[in-house]
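Here the protein sequences line up with chains A and B, keeping their order.
With our numbering, letter number 84 in the first sequence gets 84, and the count goes up by one each step, no holes.
With our numbering, letter number 79 in the second sequence gets 1079, and the count goes up by one each step, no holes.
The C-beta atom is built at its ideal place from N, Cα and C for all residues, glycine as well.
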Amino acid sequence: NAGVMQNPRHLVRRRGQEARLRCSPMKGHSHVYWYRQLPEEGLKFMVYLQKENIIDESGMPKERFSAEFPKEGPSILRIQQVVRGDSAAYFCASSPLGGWDTEAFFGQGTRLTVV
Amino acid sequence: GENVEQHPSTLSVQEGDSAVIKCTYSDSASNYFPWYKQELGKGPQLIIDIRSNVGEKKDQRIAVTLNKTAKHFSLHITETQPEDSAVYFCAASWESGNTPLVFGKGTRLSVIA
């Protein structure tokens, strides 16, 4: 059973471009969480999705950021018109059950660098 | 909202010694406290968790204690080994309040052989 798969592992974008980060949850998991990690910082919650629904997006900036988890295919975190401050590691986690007190399995992350 | 403070930020111990990492939280309603280990270039991995209805939980060389009154919880690693070297994160959440996990800033543990 493959773990949470994120791609790409590394992504370089110029300022103003779009970044698309993909996350395939573990088999049988229908809940996905996205976190952002800045250097020497902990993980900051961004958004929680269930298949075709956004459950909680309280941690995601209102502008330029969007997320989806379609019925088929991976979850996508999209950042439009990237700026240098968007440079960070973005982690996706999945769980078989919803809520905040269930074990969540993390992917290896996508390291976004904006130049 | 919830705020989680973690100390120390770095910790060096000799192989075989014990390591203790401490976290405090602000929201007394928090009831779930996981600990994650993150190795270089990898995603965080859950190593142990505790819920507010227990005060201590142990899994081989790892144990976690929770003091609800003082609002702090700690990770204890005994008989440390070089492979324990990593960044450790504590987190807290409140299921009933539907609040996401809030993470501490991490502790970089180095086990010196």
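Within chain A, partners of residue i - CB distance below 7 Å
i: B:K1057; result: What B:K1057 touches in chain A: nothing, since even the nearest Cβ is about 14 Å away.
Closest residue to residue i among the options (Cα-Cα distance)
i: A:M118; options: A:P61, A:N53, A:R111; result: A question about residue 118 of chain A goes unanswered here, because the residues of chain A that appear run from 1 up to 115.
i: A:E41; options: B:Q1014, B:F1103, B:G1016, B:E1002; result: B:F1103
i: A:N7; options: A:T113, A:V114, A:Q108; result: A:Q108
i: B:E1083; options: B:E1039, B:N1003, B:S1026; result: B:E1039
i: A:S75; options: A:H31, A:E63, A:E18, A:V82; result: A:H31
i: A:L49; options: A:P39, A:R14, A:W34, A:E63; result: A:W34
i: A:E72; options: A:R78, A:K51, A:R9, A:V115; result: A:K51
i: B:T1069; options: B:N1053, B:I1047, B:K1042; result: B:N1053
i: A:Q37; options: B:V1111, B:T1010, B:G1106; result: B:G1106
i: B:S1030; options: B:A1113, B:L1109, B:V1111, B:L1101; result: B:L1101
i: B:E1002; options: B:V1087, B:K1071, B:V1111, B:L1109; result: B:K1071
i: A:R15; options: A:C23, A:Q81, A:K44; result: A:Q81
i: A:V114; options: A:A19, A:K44, A:L97, A:V4; result: A:A19
i: B:E1056; options: B:N1067, B:L1046, B:Q1006; result: B:N1067
i: A:K27; options: A:L112, A:T110, A:F105; result: A:F105
Proximal residues of chain B, C-beta to C-beta of residue i below 9 Å
i: A:F106; result: Y1036, Q1038, K1042, G1043, P1044, Q1045, L1046
i: A:Y48; result: P1100
Neighbour list for residue i in chain A, Cβ cutoff strictly below 8 Å
i: B:K1105; result: E40, E41, G42
i: B:F1073; result: None at all; the shortest Cβ gap to chain A is about 14 Å.
Boundaries of the beta strand (DSSP E) in which residue i is found, first to last residue
i: B:F1033; result: 1032-1038
i: B:Q1006; result: 1004-1007
i: B:D1059; result: 1056-1059
i: A:D56; result: 53-56
i: B:L1066; result: 1062-1067
Cβ-Cβ separation, residue j to residue i (assumed contact under 8 Å), whole Å
i: B:T1065; j: B:A1019; result: Not confirmed; about 14 Å, so no contact.
Chain-ordered chain B contacts of residue i [CB-CB under 7 Å]
i: A:F45; result: P1100, L1101
i: A:G109; result: G1043
Contact set between residue i and chain B, taken where Cβ atoms lie within less than 8 Å
i: A:E57; result: Those do not exist, as A:E57 stays about 10 Å from chain B at its closest Cβ, beyond 8 Å.
i: A:F91; result: G1043, P1044
i: A:E103; result: P1034, L1046, D1049
Legend entry - contact_flag[the region 84-102 of chain A, the region 1067-1082 of chain B] where n(CB pairs < 8 Å) is 3 or more: no
Inset, instruction - Could you say if the region 1022-1039 of chain B and the region 1079-1093 of chain B meet the contact criterion of at least three C-beta pairs nearer than 8 Å? - result: yes
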